[in-house]
Structure formats: structure tokens, C-alpha cells
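Visitor:
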Amino acid sequence: MDKVIATAAEAVADIAPGASIAVGGFGLAGIPRFLIEALLDQGADRLTIVSNNCGVDGVGLGLLLERRRIVRVIASYIGENREFGRQFLAGELEVELTPQGTLAERLRAGGAGIGAFYTPAGVGTLVAEGGLPLRYHPDGTPAATSRPKETRVFGGREMVLEEGIVTDVALVRAARADRHGNAVFHAAARNFNPAAAMAGRLTVLEAERLVEPGEIGPDEVHLPGVFVDRVVPLTPEQAARKSIEKRTVRTRPEEDAHAVVP
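Quick note on the numbering used here: the sequence shown kicks off at 8 and runs consecutively.
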């Protein structure tokens with residue numbers, strides 16, 4: 008029952024080239040950055056990544072992109088990562104863009120053993136009708152496009168069939184976890200992390216704080232330990248190392264009071 012692994016390097020050592028990996032996080036919030044960095048050092052390539060996006064240039068999954076370790080991505084948007092967009096448009100990377108809520112449910116469904124489900128999201132668009140570019144030729148013309156998906160009407164509303172996602176591995180990050188793998192996520196980090204964890208056949212979790220079994224109350228658990236195989240405790244220094252994707256500032260209230268209105 009003790010699922011603690013001493014280091015991130017040990018925890019990802021057996022991830023094979025060509026593996027499919029679900030990765031938690033949204034932008035840079037809640038990303039398992041130390042597991043990603045350990046995977047970068049480990050060397051596995053030809054990876055298929057399932058994640059909301061690929062972080063930003065030089066951070067998180069952006070590091071794997073820059074080293075050309077990823078060949079296919081299932082995501083909901085390109086985001087702030089210029090290299091992600093460049094590789095996709097240059098024909099170096101296959102990308103399956105999926106509506107954000109649909110992607111979350113595909114991961115959750117895969118983890119719950121549900122093969123497919125119907126949703127109204129994407130009806131009347133290329134998501135359902137097919138023709139969405141998956142890969143480009145270097146000249147900018149589509150090299151591969153998505154296929155049409157089955158649709159049916161429920162309660163007078165047309166819906167499209169989407170398949171659940173199951174991956175070889177999942178990498179996630181939690182604010183707290185116990186030795187049994189029960190986990191709690193903080194604020195915005197409780198985004199794709201629980202769903203990604205459920206989807207992995209092998210799930211590795213990095214924890215900002217490791218606690219003993221029983222310290223997390225049953226009603227506090229966001230992710231039951233049954234979905235977690237390995238827990239990597241972070242040091243306080245590692246837990247505090249977080250990046251801001253987009254920094255915005257505003258003037259202080261006292262400065263606003265003295266502002267001149269034209």
C-alpha cells in the first residue's frame with residue numbers, strides 16, 4: 008500500500024518510447040513539472056501526449072516539444088506555446104484539437120471504463136463533420152484530416168459520439184497526497200489532474216506535501232488512491248518552484264484615486 012518512490016527519475020524510468028501519456032495541468036497551473044523534467048532526462052521519445060495544452064516555451068511539456076520527443080498531441084488549444092504552433096503548422100507534429108469539456112470527459116470516461124459517450128459539443132462543426140486538420144504538409148496544405156463522427160438525436164438535440172481516452176501512463180501533481188495515493192488538489196490545479204490520473208494505466212503523482220494515511224479526511228479526497236500507482240514527494244524548494252504563464256499588473260488603489268480622467 009505504500010506507493011512512495013524516492014525520486015522522479017525512478018518513477019518514470021520504465022516509461023517506454025512510443026508511450027501515450029495523459030498529463031495534468033492547465034497552462035502552467037498544476038503541471039507535474041518535475042516528472043516532466045525527469046522524463047526529459049530519461050530520454051523516451053515518439054510520445055503521444057494528452058493534455059489540455061502543451062504549456063509554454065521552455066517550461067513543462069514545452070521542454071519535450073523543443074527536444075522533439077512528442078509526435079502527437081490531443082489537446083484543446085495551442086495556447087501560449089509558439090513552438091507548439093510552429094511544429095503543427097510546419098507538419099512536424101500531429102495535433103487532434105478537441106473541445107475542452109469534451110477532452111476532460113474523454114479522460115474521465117476512459118478512467119471509468121466508459122468506451123464512448125454522446126455530447127452536443129462540436130455538432131455542426133468540423134469536430135463532428137470531419138475535415139479538421141491533424142497534420143500539415145510543409146507547404147501549409149493539410150496532410151491528414153479528421154474523419155466524420157457518428158451523431159444521434161437525444162431529446163430532440165443532435166449529439167456527437169466521442170470516445171473515452173485510456174493512456175499508457177498519466178503524470179499529475181497534487182498539493183497533498185498520502186502514502187496510499189489519496190490526493191488533494193489546490194484551487195486551479197484541480198483542473199485536468201484528476202481526470203488525467205484516472206485515464207492512465209500507470210499513474211505517477213508528484214506531491215507538494217506527503218502526509219501519512221488518515222491525515223486526509225475521506226470527504227477531502229479529490230482523487231482516490233486506487234487511481235494512483237506511484238507517489239513522488241517534492242522537497243519544500245521544489246514545491247515552491249512555480250511559474251506564472253501570463254503576468255498582469257494594475258495600479259494600487261491610492262494611485263487610482265489620483266489618476267487624472269480626461
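Every residue, glycine too, gets a C-beta built ideally from N, C-alpha and C.
Note that the structure is predicted; figures quoted are calculated from it, not measured.
1. By alpha-carbon positions, which one of Ser-153, Glu-169, Phe-95 and Ile-22 ends up nearest to Tyr-143?
2. Within the continuous beta strand (DSSP E) that includes Asp-185, where are the two ends?
3. If we count the other Cβ atoms within 10 Å of its Cβ and call it buried at 16 or more, is Thr-152 buried or exposed?
4. Thinking C-alpha only, which one of Asp-236, Ala-182 and Leu-212 is nearest Glu-227?
5. Quick check on Pro-24: buried or exposed, where buried means 16 or more other Cβ atoms within 10 Å of its Cβ?
6. Within its chain, find whatever has a CB closer than 6 Å to the CB of Gly-34; leave out the 5 residues flanking it on each side and keep chain order.
7. Output needed for Pro-231: all residues of its chain with C-beta closer than 7 Å, excluding positions within five of it in sequence on either side, in chain order.
8. From the DSSP output, read off the bridge partner residues of Ile-28.
9. Does the stretch 155-175 come into contact with the stretch 117-136, if we say contact requires no fewer than three beta-carbon pairs (one atom in each stretch) closer than 8 Å?
10. Does the stretch 236-252 come close enough to the stretch 197-206 that 3 or more CB-CB pairs lie under 8 Å?
11. Indicate the three-state DSSP secondary structure (helix, strand or coil) for Leu-230 in the structure shown.
12. Specify the secondary structure class of Val-134 as computed by DSSP and reduced to three states.
Guide: Let's see:
1. Ranked by Cα distance from Tyr-143, the options Ser-153, Glu-169, Phe-95 and Ile-22 are led by Phe-95.
2. That run of the beta strand (DSSP E) goes 174-185.
3. exposed
4. Ala-182
5. exposed
6. Glu-252
7. Excluding positions up to five away in sequence, the list reads Asn-189.
8. Ile-56 and Val-176
9. yes
10. no
11. strand
12. helix
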